[in-house]
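Asks: Every number in our numbering is 478 more than the matching position in the sequence shown, counting from 1. Note that the Cβ used here is the ideal one computed from N, Cα and C, for glycine as well. Treat the numbers as computed from the prediction; the structure is a model and nothing was measured. Before we start, here is the structure in question, set down as structure tokens.
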Amino acid sequence: MLNETMDTAPLAERTVAVRLESPFVSVAGLLKAQEGRAPKAFAMRELPFRDLVNVRGDLSDPAFVDAFAQVVGCQPPAQPNTIARGNGYDVLWLGPDEWLVRSNAAVQAGELEAKLAPAFGEAYAAAVDVGSGYTLVEIDGARTRELLSRGCPLDLHPRLFKEGQCAQSVFFKASIVLIPTGEDRFEIVVRRSFADYFCRIMLDAAASLAS
Numbered sequence: 479m480l481n482e483t484m485d486t487a488p489l490a491e492r493t494v495a496v497r498l499e500s501p502f503v504s505v506a507g508l509l510k511a512q513e514g515r516a517p518k519a520f521a522m523r524e525l526p527f528r529d530l531v532n533v534r535g536d537l538s539d540p541a542f543v544d545a546f547a548q549v550v551g552c553q554p555p556a557q558p559n560t561i562a563r564g565n566g567y568d569v570l571w572l573g574p575d576e577w578l579v580r581s582n583a584a585v586q587a588g589e590l591e592a593k594l595a596p597a598f599g600e601a602y603a604a605a606v607d608v609g610s611g612y613t614l615v616e617i618d619g620a621r622t623r624e625l626l627s628r629g630c631p632l633d634l635h636p637r638l639f640k641e642g643q644c645a646q647s648v649f650f651k652a653s654i655v656l657i658p659t660g661e662d663r664f665e666i667v668v669r670r671s672f673a674d675y676f677c678r679i680m681l682d683a684a685a686s687l688a689s
């Protein structure tokens, strides 16, 4: 979210100050309080302001695949529910012609879309910045898979769901994209509109881990 404040100078001299606001701003106090609780069993933190771009295209079109690879640093993955690693980006398979490209660090909003859209040229493809509508959360701890299983219907056994994979699912009523990044560590893409609910329901589910 962008908060804008305008000074009282004459119109021609006015400047607009833009401040980025995390989707978790309303639950920052809850996250802070959680930091000291059961650190080995569960921990959660937001990874805000990542570039997130939804890409649609045809893998059989060399123009699309080449343009994508030149910008991102890898080809879109063709195997369902897998991830490809690029130059500072991860590419998540969402469907046969759909991917979510996520930056590995906080960047200027809209940076990737501005590179991809013109690169596609006349190819039958699209790149849409969705970073303002989502945020990224990291959770880890010895009982993280147990915690996720309380609200996620996927089989989360580490032999079946591990690094290099991703899946669209839900955590209770919040739609998510779930990304294993370690034995007991996950990144979760969640909609901005569900951020407050997701944080509260996750911390509520984790409360028993501290006992």
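Does the distance from the CB of residue 656 to the CB of residue 630 come in under 8 angstroms?
Replies: The count along the sequence shown starts at 1 and reaches residue 656 at position 178. The count along the sequence shown starts at 1 and reaches residue 630 at position 152. Their beta carbons are under 8 angstroms apart, which means residue 656 touches residue 630 by this criterion.
Asks: Using 8 angstroms as the threshold, is the region 636-651 in touch with the region 584-598, meaning 3 or more CB pairs across them?
Replies: no
Asks: Let me know if residue 684 comes out buried or exposed under the rule of 16 or more other beta-carbons within 10 Å of its beta-carbon.
Replies: By one-based count along the sequence shown, residue 684 stands at place 206. Classification for residue 684: buried.
Asks: Opposite residue 690 in the DSSP bridges: which residues?
Replies: Residue numbering for the chain in the displayed model covers 479 to 689; residue 690 lies beyond these limits and cannot be assessed.
Asks: Measure the beta-carbon distance from residue 625 to residue 528 and round it to whole angstroms, keeping in mind my assumption that it falls under 8 angstroms.
Replies: Looking up residue 625 in the sequence shown gives position 147. Looking up residue 528 in the sequence shown gives position 50. Residue 625 to residue 528, Cβ: 23 angstroms. No contact.
Asks: How do the region 578-586 and the region 529-539 stand: do at least 3 beta-carbon pairs fall below 8 angstroms, yes or no?
Replies: Taking a contact to require three or more Cβ pairs closer than 8 angstroms, the region 578-586 and the region 529-539 qualify as touching.
Asks: In chain order, what residues of the same chain lie with their CB nearer than 7 angstroms to the CB of residue 676, ignoring the 5 residues before and after it?
Replies: On the sequence shown, position 198 is the one that residue 676 refers to. Non-local beta-carbon contacts of residue 676 in its own chain, meaning distances under 7 angstroms to residues more than five positions away in sequence, involve 649, 652 and 668 in chain order.
Asks: Give every residue of the same chain whose Cβ lies closer than 6 angstroms to the Cβ of residue 678, excluding the five residues on either side of it in the sequence, and list them in chain order.
Replies: As a position in the sequence shown, residue 678 is number 200, starting the count at 1. Nothing meets the Cβ criterion.
Asks: Is the distance from the Cβ of residue 634 to the Cβ of residue 623 below 8 angstroms?
Replies: By one-based count along the sequence shown, residue 634 stands at place 156. By one-based count along the sequence shown, residue 623 stands at place 145. Contact flag set, yes.
Asks: Spatial neighbours of residue 589 within its chain, please: C-beta separation below 6 angstroms, excluding the five flanking residues on both sides.
Replies: Counting from 1 along the sequence shown, the entry for residue 589 is found at position 111. Cβ within range, chain order: 529.
Asks: Measuring CB to CB, does residue 601 end up less than 8 angstroms from residue 545?
Replies: Translated into the one-based positions of the sequence shown, residue 601 becomes position 123. Translated into the one-based positions of the sequence shown, residue 545 becomes position 67. Yes, they are a contact pair.
Asks: Which residues bound the alpha helix (DSSP H) around residue 662?
Replies: If you number the sequence shown from 1, residue 662 lands on position 184. Taken as a continuous stretch (DSSP letters only), residue 662 belongs to no alpha helix (DSSP H), as it is neither H nor E.
Asks: With H, G and I counted as helix, E and B as strand and the rest as coil, what does DSSP make of residue 675?
Replies: Position 197 of the sequence shown, counting from 1, holds the residue named residue 675. Residue state, collapsed to three classes: helix.
Asks: Quick check: the Cα distance between residue 604 and residue 539, rounded to an integer number of angstroms?
Replies: Walking along the sequence shown from the start, residue 604 turns up at place 126. Walking along the sequence shown from the start, residue 539 turns up at place 61. Taking the straight line joining both Cα atoms gives about 13 angstroms.
Asks: Grouping DSSP H, G and I as helix and E and B as strand, with all else coil, what is residue 669?
Replies: Locating residue 669 in the sequence shown gives position 191, counting from the first residue. Strand at residue 669.
Asks: Provide the residue span of the beta strand (DSSP E) that contains residue 686, from first to last.
Replies: As a working mapping, residue 686 is identified with position 208 in the sequence shown. Judged by DSSP secondary structure, residue 686 falls outside any beta strand (DSSP E); it is assigned neither H nor E.
Asks: To test your reading of the DSSP string, which unbroken beta strand (DSSP E) runs of 3 or more residues are found completely within the region 522-552?
Replies: 528-534
Asks: In the DSSP assignment, the alpha helix (DSSP H) including residue 623 goes from what residue to what residue?
Replies: The residue labelled residue 623 in the question sits at position 145 within the sequence shown. Secondary structure note for residue 623: its alpha helix (DSSP H) is the uninterrupted segment 622-627.
Asks: Rounded to whole angstroms, what's the CA-CA distance from residue 661 to residue 641? Just pull it up for me.
Replies: Mapped onto the sequence shown, residue 661 falls at position 183. Mapped onto the sequence shown, residue 641 falls at position 163. Cα to Cα, the separation comes out at about 8 angstroms.
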